[in-house]
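I have placed the structure first, in the form of structure tokens, so that the comments after it can refer back to it.
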Amino acid sequence: GRADEDGSGDLLRLDRGAVILAHTGQYDEEFPANALIDGRLRDYWASGRRHVVGFRPDSFIIELDRTYLIRRLVVDNRDNDEMQYPGISAKEVRFSASTESHTGPWTPMAVVEGKKFERAEKVLEKPVAAHWLKVEVLSNHGHRLYTEISELEAYGEPLGDPPAGVEPGGVYQTNYGPLLLKVTGNRVEGCYELDKGYVYGITDGRVFHLNWIEHRGEERGTAVLVLSSTRFLNGLWYEEGNLSGTWFGNKLPDREPIGCDPVTAAAGVGFTAGELAAGNE
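First residue of the sequence shown? That's 1 in the UniProt record's numbering, and the numbers climb one at a time after it.
Encoded structure:
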């Protein structure tokens, strides 16, 4: 789903086509940057592992599915590790906007002051147009090694239609090896070489809602992946409803070979053609 036409919904969500293009670090797969925009408080970002004492700034580049006039920004520090690690919550978080590219030029929006255990919201003095956001963590509440944020949010209304996107079908070189996605209308099926996995689901051409199955059908779960204008696919995968890691990679040139096919992969995890057709209704 794309953002509500009246602009009432949070625009910084994977399932609405927001995607992180770059970031300065994350603690590990359990606390990834993508957790900032997954819409779930229980999953949160933690800054990268380090051994030098002292706060270090972090930043994120986020692409929205189209240009919006942004009116409100949110930094949510609920449900992180503030209780166990006092001062770990982000404090000063600076937002900047661009309508030209993911490298800028950048227009200042606001600095939102994050609060411990709370959701901090700031209404902009003047709305700012943005297709890309740069989010910079300038300080935390005193922890000398790490910083955490549960969720980032942005609210506003769309300015025009979404631009023409990248053709979604094809082969992607991901952190789990090559992934083939075949798209017919809004339906997706595909496979990945690792563990002879099979995927199926739906897409609007930018956001993929996938089910994955591997190890002869013994392991399965879901994924939400977003295809950016730069041919970068990025998102999260889940097992039994729990965040299990990031799944990301770049789209390869057309006709790139891959050592799997969806029909064989589906059969390998125990599906028949009839079951697949019924499951994709």
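Just so you know, even glycine gets a beta-carbon here, dropped at the ideal spot from N, CA and C.
This one's a predicted model, so the numbers in the text were calculated from it and none came from an experiment.
- The C-alpha of Lys126 is placed about 47 Å away from the C-alpha of Cys191.
- Runs of the beta strand (DSSP E) lying entirely within the stretch 64–134, each at least 3 residues long, are 92–98 and 107–113 in chain order.
- Under the 10 Å beta carbon count, Gly160 is surrounded by fewer than 16 other beta carbons and is classified as exposed.
- Along the length of the stretch 198–268, whole alpha helix (DSSP H) runs at least 4 residues long occupy 262–268, reported in chain order.
- Per DSSP, reduced to three states, the secondary structure at Asp58 is strand.
- For Asn140, the secondary structure class from DSSP, reduced to helix, strand or coil, is strand.
- Going by C-alpha positions, Lys196 is about 45 Å away from Val112.
- In the DSSP annotation of this structure, the continuous segment of the beta strand (DSSP E) that includes Arg187 starts and ends at Arg187 to Tyr192.
- In this structure, Leu227 keeps its C-beta atom at 8 Å or more from the C-beta atom of Leu36.
- Straight across, the Cα-Cα distance linking Gly217 with Glu240 is about 14 Å.
- Below 8 Å, enough C-beta pairs join the stretch 89–108 and the stretch 127–141 to call them touching: three or more.
- Secondary-structure assignment with DSSP links Val171 through a beta bridge to Leu180.
- In this structure, the CA atom of Ala22 is about 9 Å from the CA atom of Ala33.
- Rounded to the nearest whole angstrom, the CA to CA distance from Gly249 to Asp43 is 21 Å.
- Thr222 and Lys122 have their C-alpha atoms some 33 Å from each other.
- By the Cβ-count criterion, Asn234 is buried, with 16 or more other Cβ atoms from all chains shown falling within 10 Å of its own Cβ.
- In chain order, Tyr192, Leu194 and Trp247 place their CB closer than 7 Å to the CB of Tyr176, counting only its own chain and leaving out the 5 sequence neighbours on each side.
- Leu21 sits in a strand when the DSSP states are folded into three classes.
- Put simply, the backbone Cα of Tyr146 is about 7 Å away from that of Ala46.
- For Leu152, the uninterrupted beta strand (DSSP E) run begins and ends at Glu151 to Pro158, by DSSP.
- Pairing Ile62 with Leu12 gives a Cβ-Cβ distance under 8 Å.
- In this structure, the CA atom of Leu181 is about 31 Å from the CA atom of Ser59.
- For Ala46, the three-state secondary structure derived from DSSP is strand.
- The stretch 249–259 makes contact with the stretch 165–173; the number of CB pairs closer than 8 Å reaches 3 or more.
- The beta-bridge partner set that DSSP reports for Glu148 consists of Ala46 and Ser89.
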